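Colleague: Got a structure here, written out as structure tokens. Questions coming.
There are 4 protein chains.
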Amino acid sequence: MSTGNTSADNTNKVMLASDYQEGAHPSIIAKLAETNMMATEGYGFDAFSQHARHLIREACQCPGAEVQFLIGGTQTNATVLDCLLRQYEGVIAADSGHVSVHEAGAIEADGHKVLALPGMHGKLTADQVERLVMDFEADGNREHMVAPGVVYVSQPTEYGTLYSKAELTALSRVCHEHGMRLYVDGARLAYALASQENDVTLADLARLCDAFYIGGTKCGALLGEAVVVPNPSLIPHFFTLIKQHGALLAKGRLLGIQFECLFTDGLYGQIGKAADEKAQRIVEALRKRGITLYCPCPTNQVFFIVSNGQMAKLGEESVYSFWEKYDDAHTVIRYATSWATTDEQIDRIVKIIEEL
Amino acid sequence: MSTGNTSADNTNKVMLASDYQEGAHPSIIAKLAETNMMATEGYGFDAFSQHARHLIREACQCPGAEVQFLIGGTQTNATVLDCLLRQYEGVIAADSGHVSVHEAGAIEADGHKVLALPGMHGKLTADQVERLVMDFEADGNREHMVAPGVVYVSQPTEYGTLYSKAELTALSRVCHEHGMRLYVDGARLAYALASQENDVTLADLARLCDAFYIGGTKCGALLGEAVVVPNPSLIPHFFTLIKQHGALLAKGRLLGIQFECLFTDGLYGQIGKAADEKAQRIVEALRKRGITLYCPCPTNQVFFIVSNGQMAKLGEESVYSFWEKYDDAHTVIRYATSWATTDEQIDRIVKIIEEL
Amino acid sequence: MSTGNTSADNTNKVMLASDYQEGAHPSIIAKLAETNMMATEGYGFDAFSQHARHLIREACQCPGAEVQFLIGGTQTNATVLDCLLRQYEGVIAADSGHVSVHEAGAIEADGHKVLALPGMHGKLTADQVERLVMDFEADGNREHMVAPGVVYVSQPTEYGTLYSKAELTALSRVCHEHGMRLYVDGARLAYALASQENDVTLADLARLCDAFYIGGTKCGALLGEAVVVPNPSLIPHFFTLIKQHGALLAKGRLLGIQFECLFTDGLYGQIGKAADEKAQRIVEALRKRGITLYCPCPTNQVFFIVSNGQMAKLGEESVYSFWEKYDDAHTVIRYATSWATTDEQIDRIVKIIEEL
Amino acid sequence: MSTGNTSADNTNKVMLASDYQEGAHPSIIAKLAETNMMATEGYGFDAFSQHARHLIREACQCPGAEVQFLIGGTQTNATVLDCLLRQYEGVIAADSGHVSVHEAGAIEADGHKVLALPGMHGKLTADQVERLVMDFEADGNREHMVAPGVVYVSQPTEYGTLYSKAELTALSRVCHEHGMRLYVDGARLAYALASQENDVTLADLARLCDAFYIGGTKCGALLGEAVVVPNPSLIPHFFTLIKQHGALLAKGRLLGIQFECLFTDGLYGQIGKAADEKAQRIVEALRKRGITLYCPCPTNQVFFIVSNGQMAKLGEESVYSFWEKYDDAHTVIRYATSWATTDEQIDRIVKIIEEL
């Protein structure tokens, strides 16, 4: 999440402030128009939603999974974590994790503590988690403390970095050895799945996690996140709890139709691939120009460190996201690509970078 | 809310189970398609949302009002009531009110008691409310009790009935004389505003209420509810609290575009009027046929009492909502009309009723 | 709970406003003095608490029960119900139940709805509960509603009435047949156990309930309630949840010592018996004088209906509790006896009643 | 909070594991016995509580303050913070603060985030707080984040260290300049007030803080904490909110009598002074023996670093608190003195230390 340099007139600029600045992938809009007059049941009992669930279960190679469609990321995290956590438990997360900083206290509003650990480019390690748990278990006062109950990671992270299959497997092992659950926030999952550096599949997620979500909002949908619970008995009455959290859409078809689109003919994969490839062109241009990346950028987000002069020049022709001050003379900024980014836009950005 | 007789094959039946069974009014779909490729800021800071807010403030004749777009009804009620209630307060509502029964405990999940009063066709009276408050204030144990803090009413009610301007004015007076706030759930507000029997305008609501919402989901939008807070200082940091409740849409434009449509060229009024008129044709047919209405039906919902035989016949050619058992031989069912209902459908329904 | 007529000068009046108006039974005070200088572990790990737990398990004939000492009634109800209820569940209670009206919304503050049913002299019937559950299970919208999860009853009730063993057995059966739990609030349990009309033992409670508490505060202790969970696996990490609810006493010995006293040499039984007998002398006097009881009064609380003139006379020589207006000319008031009530006080009260 | 080496037989050992291991100061026990048979009103409306409030207001030189008696520390912190925080705010605390780690998530269970900052020997600085607030206010995403609303400090801290008047004044200034409130946890306040190094009076606390509590449980009472709110309008309906949090004692006299005792004839001061002096004798002995203090120890808690061999020797004749491993060969342990500690016990401890 971030704020683009959008106060000035942005006409004719290349807009790369975020991956949720346009509407939805055109095939989604087309399908919404095409199905508009059909009367269906509400609350996700329509045939579109049922079919979308089926497609997702297949993609996850997990025929027994419960799949529910929620609306947005914060809502999904708050709802699922409230379902996964017992009252005496908290959720371990990187200090840069969305649940740690950018959900306005939604997790705590539901009664749960976020146990923040310092992340490395947004990532936690199994070792860190295990150390926290071992320390907790060894603490004479542990019964006066919040027990670690769930580990929250995002794939890709808020910094666009990736967990490898080995890393996720280690996290999953630590969780399950210590009676915890593993939850993966996949707000931008399309960009992880499509990354050249990725070795984690949907089936891996379904095998390693206790719950995860496949992001729609930031991956080409108007809105929507598909929660997958590989073992549904873990969350009894999930539907009612979604309703209680205000996360149940009356016209559930709106979510069903979109995820049906995304999981038909490989669209979700294509959206991720196209955006990742465009982002990698920016990465390459930055490297050539000698501009330092802030962190590895294997997905659709490119974080890099520019001098204030460079930032001003970039701002003349593009809209980026301000990320944070690096030092007095430098700033970390971000470009994010999406299904809506064109080759022409990337050509322009590459040229601007070359001329910095 | 209800369950239609949808288990059987519904091909060729007249679908009147609810007013949210189709997509969205065609002009909304068209506007979404047309604006799809524009890049905008997120979280409701886009120009569509700003313009929609302006249009709503004008329609409410309340230029200083805060207008925020949320996603669904339960979410809106839970969020706004959590903002309006202090911790030691509860919300007075009719026992049939949506917040009392059909929100899966969302109000209580946020920490607030619903103080239910018996409703008459879904309505509360100012006298009832005043009596509750006076009893509370006279109670020696009142400091051990939940204080009444907000009165919740729906316009139209869950039974499609209407508060008159005099009734709302009386409720508003009681609330403000006793330090309470008045909140109106307008999930189906279009059908109230357009009703022949209605004398309450948006400007009246803005003048009499402390907060209310203008329903989108059930009035022609894909999703969305516009919350109006006439005096914004009543809810400081409303934006952050919306975020905390998981009610902030990343692509806020989706809400802005829809409410811009609904409040341009009188569309919201037309949607209400068309549906109300069609419902009144059903009402008239039922009266002619001598079938008893369950309650006054001045808006788009028609509740009526049928014998089990009649219900079976209606079910052969239409989809209605089962409401409740009336007695062993009779049932209360509902037809709901909407922007999507056609004259031909009503012709068929009228004919079926005549032949019952 | 109630407010006595205590604004005037009460010197020399017979004080029967409540059963918690004096300190503690003298043997408790003596034991506190005697053990004062012993150093013990905190948080209930001291030997007094351990021994008191053992005595209570024996009295309940339930050697495997978990016994935890909490501080007050509202706190105990809120803590235990929060532990017994899942997030999608509410608690069924009589509309006069302490959790329904006199806990300032503590149950809702923890996120749970109270599903109130009309009580008869404070009591629920198994039939009422079963009807509510069957209606819920048959409701097409039940997944949008709060599920009944726990039944709360008080023994004796807030009106001093008693559940028979048959009635409690029926409630227990309904609960367990429908996947619910039964919880008994025993704030005044001593007076139930000692009543001539009682046939429910501690062992019955341990057999029939999923949790209950043995009241200390209103039965001769300075403070304290002993929660019994016959099957401890029902509430994992109960200790931590008690801490989280602010219900864990640092000097847990204060609770342990008191319950050790109460469950040694039959003191708890004697306290109940003495108070009940004194209350029955008042009941008899009222009957002789032709004054109507408000409800059956088999325990230590006597509710009766007096004319306003009679009330004034009683107020000259005694302190009672105002309960509620009966009609313009009559009022329901209450006398409550306790371990501290003397025969001389009752003699005076009986004489006053005779002369009304 | 800590765990003493209490598993072995402790007969004849010097018990210094904590300052809440005995009952209560003998004058409290005497007063409880003496007043036991008096009948009083409940819930803190008795004359003892009223008088105790008066004495505390006088001691704080704050005649308009609201004074309420709660039961324990975690409960008091959770209740007061829930009253002081708005829904969109969190509480800033040192990472070692009681609310950060040892309240089993009580703050979060009430819906609030703890914004932890690294403490220095348990203390926060005004600079740290100001930096956090400035960073928050400068953050482009601040509306998606928890706003700092209250600063929590403990006096003395969990490490027995003290804030000077200058430090507290600076914290108070930062809080009020940024619209925040300052709350002081005085669980062990007697030991701060009596310390040779202290320059903060009760009147200073009443002047600088928005709320604080005067600890009873760890300062000679059986239980009880006196909350002082200098400007009562800051917390409307505080009584009801105390009830809602399960923190209202039915026999409120038990708290009133104890605080009346503590604030009569300077008892609270004497308890602090006696314990501090005894602790300083231990400090001096450790210094002479060349044993390193873990932090400055100006109050009744002495934290020091011993080799494992030394720890074993100390454990043979005394009960200390294990605090944390320092390194493989060393451990941090704590002695805590109280009103119950005798000169003879200190003589023995000093001798043991000399012989280490």
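Protein chains in written order, with my numbering: chain A, 9 to 364; chain B, 9 to 364; chain C, 9 to 364; chain D, 9 to 364. Backbone N, C-alpha and C fix where the C-beta goes; we use that ideal spot for every residue, glycine too. These figures come from a predicted structure and were not determined experimentally.
Does Gln95 (chain D) get closer than 8 angstroms to chain B when you measure Cβ to Cβ?
Modeller: Start at 1 with the first residue of the fourth sequence, and residue 95 (chain D) comes out as number 87. Yes, contact with chain B.
Colleague: Name the residues in the segment 116-130 of chain B whose C-beta lies less than 7 angstroms from a C-beta of chain C; which are they?
Modeller: Flagged, chain order: Glu116, Ala117, Gly119, His120, Lys121.
Colleague: Specify whether the segment 342-353 of chain B and the segment 280-287 of chain B touch according to this definition: at least 3 beta carbon pairs, one from each stretch, less than 8 angstroms apart.
Modeller: They touch, by the three-pair rule.
Colleague: So with Cβ pairs under 8 angstroms, would you call His110 (chain B) a contact of chain C?
Modeller: Walking along the second sequence from the start, residue 110 (chain B) turns up at place 102. Cβ-Cβ to chain C under 8 angstroms: yes for His110 (chain B).
Colleague: I need the DSSP call for Arg297 (chain C), collapsed to helix, strand or coil.
Modeller: Along the third sequence, one-based indexing puts residue 297 (chain C) at 289. Helix, per DSSP.
Colleague: Would DSSP call Asp212 (chain C) helix, strand or coil?
Modeller: Along the third sequence, one-based indexing puts residue 212 (chain C) at 204. Correct three-state label for Asp212 (chain C): helix.
Colleague: Do you know how far the Cα of Ser104 (chain D) is from the Cα of Ser10 (chain C)?
Modeller: For the purposes of this step, residue 10 (chain C) is taken as residue 2 along the third sequence, with counting starting at 1. For the purposes of this step, residue 104 (chain D) is taken as residue 96 along the fourth sequence, with counting starting at 1. Per-residue confidence for Ser10 (chain C) stands at a pLDDT of 45, beneath the threshold of 50, marking its modelled position as unreliable; the derived number appears in the next sentence. Their Cα atoms are separated by approximately 43 angstroms.
Colleague: Consult DSSP for Ser35 (chain C) and reduce its assignment to one of helix, strand or coil.
Modeller: Residue numbering aside, residue 35 (chain C) sits at position 27 when the third sequence is read from its first letter. Ser35 (chain C) falls in the helix class under three-state DSSP.
Colleague: For Ala142 (chain A) and chain D, any beta-carbon pair shorter than 8 angstroms?
Modeller: Your numbering for residue 142 (chain A) matches position 134 in the first sequence. In the sequence under discussion, the amino acid at residue 142 (chain A) is Met, which differs from the Ala named in the question. No, no contact with chain D.
Colleague: Shortest alpha-carbon distance to Thr300 (chain A) belongs to which of A:Thr307, A:Val314, A:Ala255?
Modeller: Taking the first residue of the first sequence as position 1, residue 300 (chain A) is located at position 292. Here the closest residue by C-alpha is A:Val314.
Colleague: Specify, as a first and last residue, the run of the beta strand (DSSP E) that Glu74 (chain B) falls within.
Modeller: Counting from 1 along the second sequence, the entry for residue 74 (chain B) is found at position 66. Unbroken beta strand (DSSP E) run through Glu74 (chain B): 74-78.
Colleague: With a threshold of 16 other CB atoms inside 10 Å of the CB of Lys296 (chain D), please say whether the residue is buried or exposed.
Modeller: For the purposes of this step, residue 296 (chain D) is identified with residue 288 of the fourth sequence, where counting begins at 1. Exposed.
Colleague: On the criterion of 16 or more Cβ atoms from any shown chain inside 10 Å, does His184 (chain D) qualify as buried, or is it exposed?
Modeller: For the purposes of this step, residue 184 (chain D) is identified with residue 176 of the fourth sequence, where counting begins at 1. Exposed, since its Cβ has fewer than 16 Cβ neighbours within 10 Å.
Colleague: Give the DSSP-derived three-state secondary structure of Arg94 (chain A) in the structure shown.
Modeller: Counted from its first residue, the first sequence places residue 94 (chain A) at position 86. In the structure shown, Arg94 (chain A) sits in coil (DSSP, three-state: anything other than H, G, I, E or B).
Colleague: List, in chain order, every chain B residue whose beta-carbon is nearer than 7 angstroms to that of Tyr28 (chain A).
Modeller: For the purposes of this step, residue 28 (chain A) is taken as residue 20 along the first sequence, with counting starting at 1. Those are Gly50, Ala258, Lys259, listed as they occur along chain B.
Colleague: How long is the line joining the alpha carbons of Glu363 (chain B) and Tyr160 (chain B), rounded to whole angstroms?
Modeller: Stepping through the second sequence from its first residue, residue 363 (chain B) is reached at position 355. Stepping through the second sequence from its first residue, residue 160 (chain B) is reached at position 152. Cα-Cα distance, rounded: 41 angstroms.
Colleague: Excluding five sequence neighbours on each side, which residues of the same chain lie with their C-beta closer than 6 angstroms to the C-beta of Ala195 (chain C)?
Modeller: Residue numbering aside, residue 195 (chain C) sits at position 187 when the third sequence is read from its first letter. Cβ within range, chain order: Gly81, Gly223, Lys226.
Colleague: Under 8 angstroms, Cβ to Cβ, is there at least one residue of chain B near His59 (chain A)?
Modeller: Translated into positions along the first sequence, residue 59 (chain A) becomes position 51. Closer than 8 angstroms: no.
Colleague: Please list the terminal residues of the continuous alpha helix (DSSP H) segment that includes Thr272 (chain D).
Modeller: Working through the fourth sequence from its first residue, we reach residue 272 (chain D) at position 264. Here Thr272 (chain D) belongs to no alpha helix (DSSP H), and DSSP marks it neither H nor E.
Colleague: What does the Cβ neighbour count give for Met45 (chain C), buried or exposed, with the cut at 16 atoms within 10 Å?
Modeller: Start at 1 with the first residue of the third sequence, and residue 45 (chain C) comes out as number 37. It is exposed - the Cβ of Met45 (chain C) has fewer than 16 other Cβ atoms within 10 Å.
Colleague: I'd like to know whether the C-beta atoms of Met128 (chain B) and Gly157 (chain B) end up nearer to each other than 8 angstroms.
Modeller: Your numbering for residue 128 (chain B) matches position 120 in the second sequence. Your numbering for residue 157 (chain B) matches position 149 in the second sequence. Cβ atoms of Met128 (chain B) and Gly157 (chain B): not closer than 8 angstroms.
Colleague: Consider the Cβ of Thr248 (chain B): report whether some Cβ of chain D lies at a distance smaller than 8 angstroms.
Modeller: As a working note, residue 248 (chain B) is residue 240 in the second sequence. It does: the Cβ of Thr248 (chain B) has a partner Cβ on chain D nearer than 8 angstroms.
Colleague: List the whole-angstrom C-beta distance separating Gly130 (chain A) from Ala117 (chain D), where the pair is believed to meet the contact cut-off of C-beta under 8 angstroms.
Modeller: Position 122 of the first sequence, counting from 1, holds the residue named residue 130 (chain A). Position 109 of the fourth sequence, counting from 1, holds the residue named residue 117 (chain D). Actually they do not touch by this definition, with Cβ atoms about 28 angstroms apart.
Colleague: Please state whether the Cβ-Cβ distance between Ile79 (chain B) and Leu257 (chain B) is less than 8 angstroms.
Modeller: As a working note, residue 79 (chain B) is residue 71 in the second sequence. As a working note, residue 257 (chain B) is residue 249 in the second sequence. It is a contact, given that the beta carbons lie within the stated cut-off.
Colleague: So, Leu170 (chain C) versus Cys68 (chain C), is the Cβ gap smaller than 8 angstroms?
Modeller: Indexing the third sequence from 1 puts residue 170 (chain C) at position 162. Indexing the third sequence from 1 puts residue 68 (chain C) at position 60. No; because the gap between Cβ atoms is not below 8 angstroms, this pair is not in contact.
Colleague: With DSSP run on the structure shown, which of helix, strand or coil describes Ile341 (chain C)?
Modeller: Walking along the third sequence from the start, residue 341 (chain C) turns up at place 333. In the structure shown, Ile341 (chain C) sits in a strand (DSSP, three-state: E or B).
Colleague: With distances taken between CB atoms, is the gap from Pro306 (chain A) to Glu205 (chain A) smaller than 8 angstroms?
Modeller: By 1-based counting over the first sequence, the position of residue 306 (chain A) is 298. By 1-based counting over the first sequence, the position of residue 205 (chain A) is 197. Yes.
Colleague: For Glu268 (chain B) versus Phe56 (chain B), is the C-beta spacing smaller than 8 angstroms?
Modeller: Indexing the second sequence from 1 puts residue 268 (chain B) at position 260. Indexing the second sequence from 1 puts residue 56 (chain B) at position 48. In contact: Glu268 (chain B) and Phe56 (chain B) (Cβ atoms closer than 8 angstroms).
Colleague: List, in order along the chain, the chain D residues whose C-beta lies closer than 9 angstroms to that of Gln136 (chain C)?
Modeller: Here the question's residue 136 (chain C) lines up with position 128 in the third sequence. Result: empty, since nearest Cβ-Cβ is about 28 angstroms, beyond 9 angstroms.
Colleague: Relative to the C-alpha of Leu179 (chain A), which residue among A:Arg215, A:Gln266, A:Leu263, A:Ala155 is closest?
Modeller: For this step, residue 179 (chain A) is matched to residue 171 along the first sequence. Checked all of A:Arg215, A:Gln266, A:Leu263, A:Ala155; the closest Cα to Leu179 (chain A) is A:Arg215.
Colleague: Spatial neighbours of Asn18 (chain A) within its chain, please: CB distance less than 6 angstroms, with the 5 preceding and 5 following residues excluded, ordered by chain position.
Modeller: Within the first sequence, the letter at position 10 stands for residue 18 (chain A). The answer, listed in chain order, is Val327.
Colleague: In chain A, what lies closer than 9 angstroms to Glu151 (chain C) by C-beta?
Modeller: On the third sequence, position 143 is the one that residue 151 (chain C) refers to. Those are Tyr51, His245, Phe247, Thr248, Lys251, listed as they occur along chain A.
Colleague: Answer yes or no: does any C-beta atom of chain C fall closer than 8 angstroms to that of Val388 (chain B)?
Modeller: This structure does not reach residue 388 (chain B), given that chain B is present from 9 up to 364, and the question cannot be answered.
Colleague: Let me know the secondary structure DSSP gives Gly8 (chain D) once reduced to three states.
Modeller: Lying before the first or after the last residue shown, residue 8 (chain D) is absent from chain D, which here runs from 9 to 364.
Colleague: Start and end of the alpha helix (DSSP H) containing Ala67 (chain B)?
Modeller: Translated into the one-based positions of the second sequence, residue 67 (chain B) becomes position 59. Ala67 (chain B) -> alpha helix (DSSP H) spans 55-67.
Colleague: Check whether the segment 106-115 of chain D and the segment 239-246 of chain D are in contact - that is, three or more C-beta pairs closer than 8 angstroms.
Modeller: Touching, no, given that fewer than three Cβ pairs across the two stretches are closer than 8 angstroms.
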